[in-house]
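Taking it in order: structure first as structure tokens, then the write-up.
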Amino acid sequence: MSGLIEDTAPIRPRDEGADTATLDRVPLTAFEPDSRARGGIVVLHEARELPQALLEFMRSLAADGWLVAAPHLFHRAAGDDEVFGTPLFEDFDATVDWLRSRGVPTDCIGVIGFDDAGTAAALVATDRAIGAAVSVAAPGIVEALTTDALALVDAAASLKAPWLGLYGRDDVRTPVEHVAQLQEAVSKASVATLVVSYAGVEHRADEESAVSEESAGEEAIVDAQRRIFDWFDSHLR
Numbered sequence: 002m003s004g005l006i007e008d009t010a011p012i013r014p015r016d017e018g019a020d021t022a023t024l025d026r027v028p029l030t031a032f033e034p035d036s037r038a039r040g041g042i043v044v045l046h047e048a049r050e051l052p053q054a055l056l057e058f059m060r061s062l063a064a065d066g067w068l069v070a071a072p073h074l075f076h077r078a079a080g081d082d083e084v085f086g087t088p089l090f091e092d093f094d095a096t097v098d099w100l101r102s103r104g105v106p107t108d109c110i111g112v113i114g115f116d117d118a119g120t121a122a123a124l125v126a127t128d129r130a131i132g133a134a135v136s137v138a139a140p141g142i143v144e145a146l147t148t149d150a151l152a153l154v155d156a157a158a159s160l161k162a163p164w165l166g167l168y169g170r171d172d173v174r175t176p177v178e179h180v181a182q183l184q185e186a187v188s189k190a191s192v193a194t195l196v197v198s199y200a201g202v203e204h205r206a207d208e209e210s211a212v213s214e215e216s217a218g219e220e221a222i223v224d225a226q227r228r229i230f231d232w233f234d235s236h237l238r
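Pasting the structure below:
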């Protein structure tokens, strides 16, 4: 069984001469595979506490051979309800450094996020040369979620990592016409991209989705997880 790790990772100093002993650190939760990791995956999340469903998903990634780490994005201030801009990239970079210190090459590191954190994962993939990225039910497609974030249609052409976007067609936060605009925008990126939209799904295609038909939801869950695992298998080499 893959092992759970609770650790912290130092945030890179903004000043070259900073005392490394006093660096801020980001707490993270990780799962390691039973054998040597074939790569690493950073899991971004929007909850202050990792829900059980997300922990089980991370465990399943570890069982597939990945070293999986989720930085606690809300460690700075209790009042924060969104983490974008500099704090997001600082925590992401610290987690990447943590993975690299355990022997994972940068080009074998991927990122995945759900909901608003899915938007964060896509934006990370426009600014960091990583191996692959996946966003599930990522909003902020035509209008930026915050002043520290870009709308995904505006950021799409700058993607530096192969990107997979998964959406539910009945999700009010991501209307089908917005998803169609995103499909057009990512087609201009210089990397592999794929946007998949699931009929009958009101939110993301996972265990907590609200679906109009149970069978449609079950099929979407299976297909979405298969696509996520296949995306990382194909691009993290």
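Remember, our numbering sits 1 above the position in the sequence shown when you count from 1. Ideal Cβ positions, reconstructed from N, Cα and C, are used throughout, including at glycine. Predicted model only: the values in this text are computed from it and were never measured.
Practice problem: Quick one: which unbroken alpha helix (DSSP H) runs of 4-plus residues sit fully inside the segment 5–80? Chain order, please. | Solution: 53–64
Quiz prompt | For residue 135, the three-state DSSP class (helix, strand or coil) | solution = In the sequence shown, the residue the question calls residue 135 occupies position 134. Reduced to three states, the DSSP call for residue 135 is strand.
Quiz item: When the Cα atoms are used, what is the spatial distance from residue 37 to residue 157?
Solution: Counting from 1 along the sequence shown, the entry for residue 37 is found at position 36. Counting from 1 along the sequence shown, the entry for residue 157 is found at position 156. C-alpha separation (whole angstroms): 34 Å.
Quiz item: Among all the DSSP beta bridges, which residues are the ones paired with residue 114?
Solution: Numbered from 1 along the sequence shown, position 113 holds the residue referred to as residue 114. Its beta-bridge partners are 45, 136.
Practice problem: Please go through the segment 122–189 and give each complete beta strand (DSSP E) segment of 3 or more residues, from N-terminal end onward. | Solution: 133–137, 164–169
Self-check item: residue 1 versus 7, 63, 149, residue with shortest Cα-Cα distance
Solution: An answer regarding residue 1 cannot be provided, because it is not within the stretch 2 to 238 covered by the chain.
Quiz item: At which residues does the alpha helix (DSSP H) containing residue 97 begin and terminate?
Solution: For the purposes of this step, residue 97 is taken as residue 96 along the sequence shown, with counting starting at 1. Residues 86–101.
Self-check item: Option in 47, 127, 51, 75 with minimal Cα separation from residue 194
Solution: Within the sequence shown, the letter at position 193 stands for residue 194. When only C-alpha atoms are compared, the closest one is 127.
Quiz item: With 16 as the cutoff for other CB atoms within 10 Å, does residue 136 come out buried or exposed?
Solution: By one-based count along the sequence shown, residue 136 stands at place 135. That one is buried.
Exercise. Find out if the Cβ-Cβ distance for the pair residue 95, residue 27 is shorter than 8 Å.
Key: Numbered from its first residue, the sequence shown carries residue 95 at position 94. Numbered from its first residue, the sequence shown carries residue 27 at position 26. For residue 95 and residue 27, yes; Cβs fall inside 8 Å.
Practice problem: Answer with buried or exposed for residue 14, where buried requires no fewer than 16 other C-beta atoms within 10 angstroms of its C-beta. | Solution: Taking the sequence shown and counting its residues from 1, one reaches residue 14 at position 13. Counting Cβ neighbours within 10 Å, residue 14 comes out exposed, since fewer than 16 surround it.
Self-check item: Three-state secondary structure assigned by DSSP to residue 192
Solution: For the purposes of this step, residue 192 is taken as the residue at position 191 of the sequence shown. Correct three-state label for residue 192: coil.
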